[in-house]
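First the structure, in the form of structure tokens, and then the observations on it.
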Amino acid sequence: MSDERVAVVLGARNLGGAIVDHLQANGWRCAAVARSEETAAKVNERGALGIAADASDLDSLGQALSRVREELGPPTLIVNAVAASRPPDDGKGFGGGPLADATLDGFRGWAVAVAEQAFVFLSTGIGVMRESGGGTLIQVTGGSSRRAMPGRGLWSAGAQATRALTHAAAQEVRQEGIHVALLIVDATIESPKTADFTRDTPREALAEMRLVADAVNYLERQEQRSYTHELILTPSGDNWVP
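Using this note's numbering, read the sequence shown as starting at 1013 and increasing by one per residue.
Structure below.
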């Protein structure tokens, strides 16, 4: 057991990995929850505790967070950076396609899966923070939580449900010393995952993982009399599509 601050990041490959690295550089003991054993092993290689678990399942996530408590100590920061959508291979394209052509399976994969995972994170995370005596929960999402776009209504439905759940949680527990914040990255995040389709996009129009991680650090440092419940990161480049 250690007196150092303990953080848990849900998601460990691209943005999640960058957040882990940033937190460790700032003195945190970190764990990361990944869906695969392979990704969890890579987390261990970077000096954090990697746990293979399903962050969209209440029991699986609860067991993972119990392991963090046992091995590192009570976490006071949990960041949800999971890419939670589970779209079907129905040929409708990113976001589910136009509503008149979308499928019910598409709705469940693009919208319901995302909202459900946010619920699992928030409900489980609040319980953990109560046990820890307070702390910070940060839900990362994208610009679709602010606006819908043609052909991506299903994707936006999940993101906007995530926003509603996060805001409700923030109001419910803020007087308990639990800070719940929504971190909206209103741009595509520059990462190996997005390299192929952002090759011709100016860098100033892309969000940098390092700076998203720094925003996590900023939100965590806030005190009860100055909580930010929603923070929007918007690169200066032309990336907004009406």
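Positions of the beta carbon are idealized from the N, C-alpha and C atoms, including for glycine.
* Asked: By DSSP, does E1242 sit in helix, in strand, or in coil?
  -> strand
* Stretch pair the stretch 1166-1181 + the stretch 1097-1115: three plus CB contacts closer than 8 Å -> yes
* Asked: CB A1182 to CB Y1239, shorter than 9 Å?
  -> yes
* Entirely within the stretch 1149-1177 and at least 4 residues each: give me those alpha helix (DSSP H) ranges in chain order. => none
* Start-end ranges of the beta strand (DSSP E) lying completely within the stretch 1067-1124, minimum 3 residues -> 1089-1092
* Asked: If we call anything under 9 Å between Cβ atoms a contact, is L1073 one with T1153?
  -> no
* Alpha-carbon spacing of S1014 relative to W1040, whole angstroms -> Unreliable placement is indicated for S1014, whose pLDDT of 45 sits below 50; the coordinate value is still reported in the next sentence. Roughly 11 Å separates the two Cα atoms.
* Any idea which residues DSSP pairs A1043 with across the strands? -> Among the bridge pairs identified by DSSP, A1043 is matched with V1020 and L1061.
* **Neighbourhood of S1157 by C-beta distance below 7 Å, restricted to the same chain and skipping five residues each side** => A1171, Q1172, T1174, R1175 and I1196
* Measure the alpha-carbon distance for R1211 versus A1065 and round it to whole angstroms. => 32 Å
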